[in-house]
Amino acid sequence: MFYYYQLRNHHYKTEALPLLLCPLCLHAGSVSMSVMQKYYWLAGPLAPSSRYAIAWCEHCGNYIPKVKWSDEMDLFYNHLKKGTSTPPRLYLGLWVMPLLTAAFVGVLLLAINVSNSRSQSRAAAVTDAVMHPQPGTIFQVVTTTDSNTPLYTYFKVDHAAGDSLYLLPCNVQRTDAMDWDDVPTAAGSYIQPPFVVSLPDTAGGSSDMFTWGSQGHKYAIVEGVWTEGKLLKKY
Ligand SMILES: [Zn+2]
Numbered sequence: 466m467f468y469y470y471q472l473r474n475h476h477y478k479t480e481a482l483p484l485l486l487c488p489l490c491l492h493a494g495s496v497s498m499s500v501m502q503k504y505y506w507l508a509g510p511l512a513p514s515s516r517y518a519i520a521w522c523e524h525c526g527n528y529i530p531k532v533k534w535s536d537e538m539d540l541f542y543n544h545l546k547k548g549t550s551t552p553p554r555l556y557l558g559l560w561v562m563p564l565l566t567a568a569f570v571g572v573l574l575l576a577i578n579v580s581n582s583r584s585q586s587r588a589a590a591v592t593d594a595v596m597h598p599q600p601g602t603i604f605q606v607v608t609t610t611d612s613n614t615p616l617y618t619y620f621k622v623d624h625a626a627g628d629s630l631y632l633l634p635c636n637v638q639r640t641d642a643m644d645w646d647d648v649p650t651a652a653g654s655y656i657q658p659p660f661v662v663s664l665p666d667t668a669g670g671s672s673d674m675f676t677w678g679s680q681g682h683k684y685a686i687v688e689g690v691w692t693e694g695k696l697l698k699k700y
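Taking my numbering, the leading residue of the sequence shown gets 466, the next gets one more, and so forth.
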């Protein structure tokens, strides 16, 4: 997991060092020093990083780079640093971040759960449409050709009578599932007369399969249902 954090600076103190010479312009009494600390920030302080100091000269107007510091400046810096202690708020992230991470994982698990139960309820709605077919409903089905290769097509419900279902085959038949979700809805796309299938036997556990023909050797598996202007897919 990645977080995008910033580095921010905490300012402890600034002090004039009147006894020191500026190593750049050699003017006395014009050097000041600030003690700072970097810390990681993401919507709040996460964790402190290293402490450091910046020094400058009021006389020549230059920042004094660390490499130019005199031994006295190093001594003063150590002295100033000793008088500072990291504020507790800079450690906030050390216990907030694990909580945020836990919350993030929790939300993710919840989303997976919701999406699972949505797909379960979609599958249930498809099963319901199969078990209680309404005239005009279009089933998105996979069936097989005589040479036993998959065929992606559609059956439209003409009517149901008893445990028989009268379906109109579609003149659109695809050999792969690409564009399969573009359900043909024009009446002219379905071929009269209807053929008859048995309503699926829920006891057999195949509520999404139509069978027909002698010894039921022809079959079609329902993958989706077009009803009330929208396609409902099992998965
Ligand atoms: Zn100077």
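From the three backbone atoms N, C-alpha and C, an ideal C-beta is built for every residue, glycine too. Predicted model only: the values in this text are computed from it and were never measured.
- The three-state secondary structure of Ser663, taken from DSSP, is strand.
- For Leu540, no beta strand (DSSP E) run applies; the uninterrupted alpha helix (DSSP H) run containing it begins and ends at Asp536 to Lys547, by DSSP.
- Residue state for Leu616 is assigned as strand, using DSSP reduced to three classes.
- In the structure shown, Asn527 adopts coil according to DSSP, grouped into three states.
- In this structure, DSSP gives Thr650 a state outside helix and strand, which the three-state scheme calls coil.
- In the structure shown, Lys533 adopts helical secondary structure according to DSSP, grouped into three states.
- Contact holds between the segment 594-610 and the segment 677-696, because three or more Cβ pairs, one in each stretch, are under 8 Å apart.
- Per DSSP, the continuous beta strand (DSSP E) segment holding Ser629 begins and ends at Ser629 to Pro634.
- A straight-line Cα-Cα distance of about 7 Å links Ala493 and Pro483.
- Phe675 is the residue among Val579, Phe675, Ala590 and Arg554 whose C-alpha sits nearest the C-alpha of Asp628.
- The distance from the Cβ of Lys546 to that of Val500 is about 6 Å, consistent with a contact at the 8 Å cut-off.
- Ligand 1 approaches Leu489 closely enough that one of its heavy atoms is under 7 Å from the residue's Cβ.
- The Cβ atoms of Thr592 and Thr608 do not sit closer than 8 Å to each other.
- As DSSP reads the structure, Gln471 sits in a beta bridge with Trp506.
- Between ligand 1 and Ser495, a heavy atom-to-CB distance of less than 7 Å is present.
- If you check the C-beta of Asn543 against ligand 1, you find no heavy atom less than 7 Å away.
- Ser663 is not a Cβ neighbour of Val595, given a cutoff of 8 Å.
- Checking the 7 Å criterion, the Cβ of His524 is within range of a heavy atom belonging to ligand 1.
- Between the alpha carbons of Tyr470 and Thr549 lies a gap of roughly 25 Å.
- Distances between the C-beta of Asn474 and the heavy atoms of ligand 1 are all 7 Å or more.
- Proximity to Ala590 across Val648, Glu688, Tyr556 and Asn527 peaks at Glu688, based on C-alpha coordinates.
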